[in-house]
Structures are given as C-alpha cells and as structure tokens.
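Mapping of the sequence shown onto the numbering used here: position 50 corresponds to residue 1279, and the numbering continues sequentially without gaps. Here the structure comes first, spelled out in structure tokens, and everything after it is commentary.
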Amino acid sequence: MLIRQKLTFLIFLMPFIGSVAASDLHLSGDTAAGQRLHQARCSGCHVKQFGGDGSGVYLRTPRRVSNVQELVEFSNRLKHFNRTMDPSLQLDDIQMGNIIAYINKYYYHFY
Ligand code: HEC
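Structure representation (structure tokens):
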C-alpha cells in the first residue's frame, strides 16, 4: 500500500521534473566551469558597474531576479550582456547553464 502511494506520488511529479529538464535550463551545470566562464564573460562588467568583485549585483536589495526562471531569462537577455560583448563570444546553452549553476550556488540558492 505504502509503495503504491510512493509510486503514485512519483508518477505525479514526473511531468514537473520532465518539464524542467526539457526547458534547456541545464540547471545541474558544472559550477567550476561556470565560475571560469563567469570570470571571463560576466564579472568584468559587474565590477566596473558595481565595484568590489562585482557580486554586489547579485546580493543587492531589491534584486531584479527572484527565481530560477528569472535568473535564466536575465542572464540570457541579449540587451543585458551582449551589448558590449564581442559577438563571436556568444555563449551556448551549456555554457550558460554552467554560469547559472555557479551564480545560483554561490549567490541565489534557488535550487
Ligand atoms: C556589459 C556589462 C555587463 C556584462 C558583460 C554582464 N552584466 Fe550582468 N548586469 C549588468 C548590469 C548593468 C546589471 C544591472 C542591470 C539592471 O539593474 O537592470 C546586471 C545585472 C545582472 C543580473 C541581475 C542581478 C539582480 O538580481 O538584480 C544578473 C543575474 C546578471 N547581471 C547576470 C550576468 C551574467 C550571467 C553575465 C555573463 C553571461 C553578465 N551578467 C554579464 C551588466 C553586465
């Protein structure tokens, strides 16, 4: 009986787990690789704009980003970071997933 309840619960959850995995978020990215990419592509500008090591932008109140979806959207927003970046340095989904995993692990803790 108990096993059946657990199974029902798992089956109930599956569409949700599936939809996260299927949405190209790559949430379980490689945080070490993400840290290196973030250092190369993101920090410089945040340091210039916010001083210190640039992480103030992730720790400020109020923050622009309040959940994973927004974090992904904000990080991918062309207007945000590609404006002054060399177009040949485009980040693919996996690289962006690594960066997001890194930012989440050290600053946002959404997942
Ligand atoms: C050209 C400069 C620049 C670059 C490069 C840049 N950022 Fe930003 N970032 C900013 C500025 C300026 C803000 C504040 C924007 C605002 O308040 O609308 C910001 C804000 C953010 C925020 C929102 C913080 C919050 O919760 O309030 C996130 C997340 C973010 N950046 C991620 C990234 C990532 C990831 C990269 C690299 C892929 C990156 N940024 C590269 C300038 C930059």
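Ideal Cβ positions, reconstructed from N, Cα and C, are used throughout, including at glycine. Keep in mind that this is a model prediction, so the values were computed, not measured.
Any idea what DSSP makes of residue i, helix, strand or coil?
i	result
Ala1250	Its pLDDT being 39, under 50, Ala1250 is placed unreliably by the model, and nothing is read from it.
Gln1319	coil
Tyr1337	helix
Which whole-angstrom value is the C-beta distance of residue i and residue j, which I expect to be below 8 Å?
i	j	result
Leu1288	Asn1333	In fact, because the Cβ distance is near 13 Å, the residues do not count as touching under 8 Å.
Asn1327	Ala1269	Not a contact, Cβ separation roughly 12 Å.
Thr1260	Tyr1337	With 8 Å as the limit, Thr1260 and Tyr1337 do not qualify as a contact, their Cβ atoms being about 13 Å apart.
Asn1305	Met1325	6 Å
Ile1329	Gly1280	No, Ile1329 and Gly1280 are not in contact; Cβ-Cβ is about 23 Å, not under 8 Å.
Gly1283	Ser1272	5 Å
Length-filtered (4 minimum) alpha helix (DSSP H) runs lying within the stretch 1257-1299: List check, alpha helix (DSSP H) in window: 1260-1267, 1273-1279, 1285-1288.
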